[in-house]
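Counting from 1, position 131 in the sequence shown corresponds to residue 141 in the numbering used here; the numbering is continuous, with no gaps.
Step one of this worksheet: look at the structure below.
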Amino acid sequence: MIKYDSHMHSYHSFDSKEPMENMVLKGIELGLKGICFTEHQDIDFNDPHEEPGAFSLNADAYLYELLMLRNKYEGKINISFGVEMGFQPHLRRELALYAKAYDFDFIIGSMHLLGGLDPAFPDYYDDKNDEDVYRAYFKEMQEGLKVFSNFDVLGHLDYIVRYGKTKDANYSYDKYKDLIDPILEKLVDNGKGIEVNTGAIRHGLKDLNPTKDIVKKYRELGGEIITVGSDAHNINYLASGFDVAEQFLLDCGFKYYTSFEKRVAEFHKLG
11 MIKYDSHMHS
21 YHSFDSKEPM
31 ENMVLKGIEL
41 GLKGICFTEH
51 QDIDFNDPHE
61 EPGAFSLNAD
71 AYLYELLMLR
81 NKYEGKINIS
91 FGVEMGFQPH
101 LRRELALYAK
111 AYDFDFIIGS
121 MHLLGGLDPA
131 FPDYYDDKND
141 EDVYRAYFKE
151 MQEGLKVFSN
161 FDVLGHLDYI
171 VRYGKTKDAN
181 YSYDKYKDLI
191 DPILEKLVDN
201 GKGIEVNTGA
211 IRHGLKDLNP
221 TKDIVKKYRE
231 LGGEIITVGS
241 DAHNINYLAS
251 GFDVAEQFLL
261 DCGFKYYTSF
271 EKRVAEFHKL
281 G
């Protein structure tokens, strides 16, 4: 079983109400060896559906509580200090400065906005079709990766398909590989990993984020760094779908998965 959950949120993220200690206790109950909190930091998140600055992280308060819990539960579970940084192409300087501002164990780079708007809201698609939105998302991801490189793994690469009108009904790697392949090539060239995100299951998708074909392509290109994250925002989803993720990775040709401490990858055997 996969014993490290490398993507989760507590009440230090705007979209979660779960106390950190609850997540730690649940991780211990599940027999996990380690968990990594990856609280949201989305600079310039000004979608009209959300409060201004909603996804700005108070990292000092977050780190203070994390260190207390790390001390309290020492020897029972490893607790890592991570962040999920949302990137946009115009934030080169801001992203670079924030990534260096704290001694994070792990940084996920994720793209949550498209053209400055949140595609998680249904009205985003009112005058659009899924294919155009998905292609625009991958194009903007390419541009974002040109300005932001101080991260460890790219989070939920095809996150956008969670929210389209038809979700992944008409979606496949082959249909978008002209845009996805350059993303994977850049990650491999720069020694970056990708995340396998099991949150796709509770969004009703046919596959994980990203799909098996994308992960196979990353492996084919020489990619070796794979983290597994539940993207849990409450205790009910911590490490959810990890049995699925393990077989998924084995099917993709991986023998190991990865966790991070002090920005250094540690490899753990699958199976």
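Note that the Cβ used here is the ideal one computed from N, Cα and C, for glycine as well.
Nonlocal neighbours in the same chain, by C-beta distance under 8 Å from residue i, ignoring five residues either side
i: Ile87; result: Val34, Gly37, Ile38, Leu42, Lys43, Gly44 and Ile45
i: Leu73; result: Phe91 and Tyr112
i: Lys227; result: Tyr183, Lys187, Ile190, Asp191 and Leu194
i: Asp241; result: His17, Met18, His19, His166, Asn207, Thr208, Gly209 and Tyr247
i: Lys110; result: Asn160
i: Asp15; result: Gly37, Leu42, Gly44, Ile45, Cys46, Val238, Gly239, Ser240, Ala242, Leu248, Ala249 and Phe252
Cα-Cα separation between residue i and residue j, rounded to whole angstroms
i: Arg212; j: Glu205; result: 17 Å
i: Phe55; j: Glu150; result: 16 Å
i: Ser120; j: Phe158; result: 10 Å
i: Glu271; j: Phe161; result: 13 Å
i: His278; j: Asp136; result: 44 Å
i: Gly251; j: Ile89; result: 20 Å
i: Val163; j: Lys13; result: 18 Å
i: Gly154; j: Met95; result: 12 Å
i: Asp115; j: Leu76; result: 12 Å
i: Gly281; j: Asp261; result: 11 Å
i: Asp168; j: Leu194; result: 12 Å
i: Ala179; j: Met78; result: 45 Å
i: Thr176; j: Lys82; result: 46 Å
i: Arg102; j: Leu218; result: 29 Å
i: Asp57; j: Lys216; result: 28 Å
i: Gln98; j: Asn200; result: 19 Å
i: Arg145; j: Asn139; result: 10 Å
i: Glu141; j: Tyr147; result: 10 Å
i: Val93; j: Phe65; result: 12 Å
i: Ile229; j: Lys222; result: Note that residue 229 corresponds to Arg in the displayed sequence, not to Ile. Going by the C-alpha atoms only, they are around 11 Å apart.
i: Ala255; j: Arg273; result: 23 Å
i: Lys27; j: Pro220; result: 26 Å
i: Asp25; j: Lys185; result: 32 Å
i: Pro29; j: Pro62; result: 23 Å
i: Gln152; j: Met11; result: 34 Å
i: Glu84; j: Gln51; result: 27 Å
i: His100; j: Lys156; result: 10 Å
Coarse secondary structure for residue i, derived from DSSP in three states
i: Leu76; result: helix
i: Lys149; result: helix
i: Leu260; result: helix
i: Phe161; result: coil
i: Met30; result: helix
i: Gly37; result: helix
i: Asn207; result: strand
i: Ala69; result: helix
i: Asn88; result: strand
i: Glu271; result: strand
i: Ile12; result: coil
i: Asp52; result: strand
i: Ala111; result: helix
i: Tyr134; result: helix
i: Asn219; result: strand
i: Leu248; result: coil
i: Gly125; result: coil
i: Lys156; result: helix
i: Lys279; result: strand
i: Tyr266; result: strand
Same chain only: Cβ atoms within 7 Å of residue i, ignoring 5 sequence neighbours per side
i: Ile236; result: Gly203, Ile204, Val206, Leu259, Phe264, Tyr267 and Thr268
i: Arg80; result: Ile89
i: Ala275; result: Ile235 and Thr268
Rounded Cβ spacing between residue i and residue j (contact assumed at less than 8 Å)
i: Glu60; j: His22; result: Not a contact, Cβ separation roughly 16 Å.
i: Ile118; j: His17; result: 6 Å
i: Gly239; j: Val198; result: Gly239 to Val198, Cβ: 20 Å. No contact.
i: Ile3; j: Tyr134; result: The chain is shown only over 11 to 281; residue 3 falls outside these bounds and no answer can be derived.
i: Asn32; j: Ile245; result: 5 Å
i: Ala249; j: Leu40; result: 5 Å
i: Val285; j: Pro129; result: No answer is possible for residue 285: the residues shown for the chain start at 11 and end at 281.
Neighbourhood of residue i by C-beta distance below 6 Å, restricted to the same chain and skipping five residues each side
i: Arg172; result: His213
i: Tyr181; result: Val171
i: Gly174; result: Asp140
CB contact check: residue i to chain D, cutoff 8 Å
i: Lys138; result: Note that chain D does not occur in the displayed structure, where there is just one protein chain.
Handout entry: Given 8 Å, three or more beta-carbon pairs between the segment 69-80 and the segment 123-132
Key = no
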